[in-house]
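Novice:
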Amino acid sequence: MIQLYEKLFSELGDQNWWPAETPFEVSVGAILTQQTRWESVERAITNLRKTGLLQPESLAMAKREIVEEQIRCTGFYRQKTERVQEIARYFSKNSNNISKKPTETLRKELLEIKGVGDETADSILLYAAERPKFVIDAYTRRISECIGIRGNYKELQQHFEESIPRDVELYKNFHALIVRYAKEYCNKKRCDECLIQNSMNGTNDHPPETIFKTTISSSDETESSND
DNA sequence: CCCCAGGATTGCT
DNA sequence: AGCAATCATGGG
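Residue numbers (my numbering): 1173 to 1399.
Spelled out as structure tokens, the structure:
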């Protein structure tokens, strides 16, 4: 799997992804970017900054209509308004001790916020809180499928995290490269030029159905006993 | 006019 | 546990 990273890096270089000033900005962006282009998010962030709403306290207290107006360009603006304001409330309360919370504790708290699912939580954990959590998004799923890795969110994440060194910067860059690559190649159906099939040659040439059973089969949970 | 984008929630089976 | 409908704007 690390060969894949090397391949993508040598081909596409450093991505300098997720440009943002503060952890709070990253977290707001993580909500806004759901099912939307990043260019729209940038506009919304600019609007929020311009109106002084890019801080936890001011955003939390702002009138709903005002926030909606600023982020409307990202779509789903009513839900997203409610959700970024919840994020803002969370940061208002916890901005002092977020860095002290254990990763899994933080993750659980983030997931309690309506509108924060697995991917958004891990994006916040990785890009805002600098925790080694590999983000699984639609592109990562698609590429995983192509090289015969299947499973739910947690299984895919586990597979990536066990296959590469536990390093925050590596996680960031790898994920950024996957997204960049998928946009350039998968979205344009340039499968004939696929770098991934080539770079994974030899490490994984099993048929899609039989590859995953060996690595995952036992779901060893060390967290809560059940739901 | 159609489909898709750096998802999550809800409801149904 | 898995699947479809829903949310909504902006670009190609």
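All C-beta atoms in this analysis are idealised placements derived from N, C-alpha and C, irrespective of residue type, glycine included.
It should be emphasised that the depicted structure is a prediction, and the values quoted were computed from it without experimental measurement.
(1) Within the same chain, show all residues whose beta-carbon is closer than 7 Å to that of Gln1257, passing over the 5 residues directly before and after it, in chain order.
(2) Can you tell me whether Asn1345 is buried or exposed, with buried defined as 16 or more other CB within 10 angstroms of its CB?
(3) What whole-angstrom Cβ distance do Val1351 and Asp1309 have, given they're in contact under 8 Å?
(4) Assign Thr1253 to one of three DSSP states: helix, strand, or coil.
(5) Taking the alpha-carbon of Ile1336 as reference, which of Leu1184, Phe1306 and Ser1264 has the nearest alpha-carbon?
(6) Check this for me: beta carbons of Gly1201 and Ala1192, under 8 Å apart or not?
(7) DSSP three-state label for Ser1295, please.
(8) Please confirm whether Val1400 and Ala1300 have their CB atoms less than 8 Å apart.
(9) Where does Thr1246 fall in DSSP's three states?
(10) Rounded to whole angstroms, what is the Cα-Cα separation between Leu1298 and Ala1348?
(11) So does the stretch 1241-1254 actually touch the stretch 1210-1226, counting three or more Cβ pairs closer than 8 Å?
(12) Need the endpoints of the alpha helix (DSSP H) that Met1233 sits in, please.
(13) Smallest Cα separation from Thr1208: which of Glu1356, Lys1179, Lys1252 and Leu1220?
(14) Between which two residues does the alpha helix (DSSP H) containing Glu1327 stretch?
(15) For Glu1211, which option in Gly1247, Gln1227, Thr1223 and Lys1222 has the closest C-alpha, if you only look at C-alpha atoms?
(16) What separation, rounded to the nearest whole angstrom, lies between the Cα atoms of Glu1178 and Cys1358?
(17) Quick check: what's the CA-CA separation for His1331 versus Val1340?
(18) How big is the Cα-Cα spacing for Leu1204 and Tyr1249?
Specialist: Put simply:
(1) Taking the first residue of the first sequence as position 1, residue 1257 is located at position 85. Around Gln1257: Leu1231, Ala1232 and Val1239.
(2) Locating residue 1345 in the first sequence gives position 173, counting from the first residue. Asn1345 comes out buried.
(3) The residue labelled residue 1351 in the question sits at position 179 within the first sequence. The residue labelled residue 1309 in the question sits at position 137 within the first sequence. Their Cβ separation, rounded to whole angstroms, is 7 Å, which keeps Val1351 and Asp1309 in contact under 8 Å.
(4) Numbered from its first residue, the first sequence carries residue 1253 at position 81. Looking at Thr1253 - three-state DSSP - the assignment turns out to be helix.
(5) Within the first sequence, residue 1336 is the residue found at index 164, counting from 1. The residue with the shortest Cα to Cα distance from Ile1336 is Phe1306.
(6) Indexing the first sequence from 1 puts residue 1201 at position 29. Indexing the first sequence from 1 puts residue 1192 at position 20. Their beta carbons are under 8 Å apart, which means Gly1201 touches Ala1192 by this criterion.
(7) Translated into the one-based positions of the first sequence, residue 1295 becomes position 123. Three-state result, Ser1295: helix.
(8) Because the chain here runs from 1173 to 1399, residue 1400 falls outside it and cannot be looked at.
(9) One-based indexing of the first sequence puts residue 1246 at position 74. Thr1246: helix per DSSP, three-state reduction.
(10) As a first step, residue 1298 is located in the first sequence; it is residue number 126 there, counting from the start. As a first step, residue 1348 is located in the first sequence; it is residue number 176 there, counting from the start. Approximately 12 Å, taken between the alpha carbons.
(11) yes
(12) Here residue 1233 is taken as the residue at index 61 of the first sequence, counted from 1. Segment Pro1228 to Met1233, the alpha helix (DSSP H) holding Met1233.
(13) For this step, residue 1208 is matched to residue 36 along the first sequence. For Thr1208, the nearest C-alpha among the options comes from Lys1252.
(14) Locating residue 1327 in the first sequence gives position 155, where the first residue counts as 1. Looking at the DSSP string, the run of the alpha helix (DSSP H) that includes Glu1327 is Tyr1325 to Ser1335.
(15) Within the first sequence, the letter at position 39 stands for residue 1211. Out of Gly1247, Gln1227, Thr1223 and Lys1222, Gly1247 has the C-alpha closest to the C-alpha of Glu1211.
(16) Within the first sequence, numbered from 1, the residue matching residue 1178 stands at position 6. Within the first sequence, numbered from 1, the residue matching residue 1358 stands at position 186. Near 19 Å, if we compare the C-alpha coordinates of Cys1358 and Glu1178.
(17) Walking along the first sequence from the start, residue 1331 turns up at place 159. Walking along the first sequence from the start, residue 1340 turns up at place 168. Taking the straight line from one Cα to the other gives about 16 Å.
(18) Counted from its first residue, the first sequence places residue 1204 at position 32. Counted from its first residue, the first sequence places residue 1249 at position 77. Cα to Cα, the separation comes out at about 9 Å.
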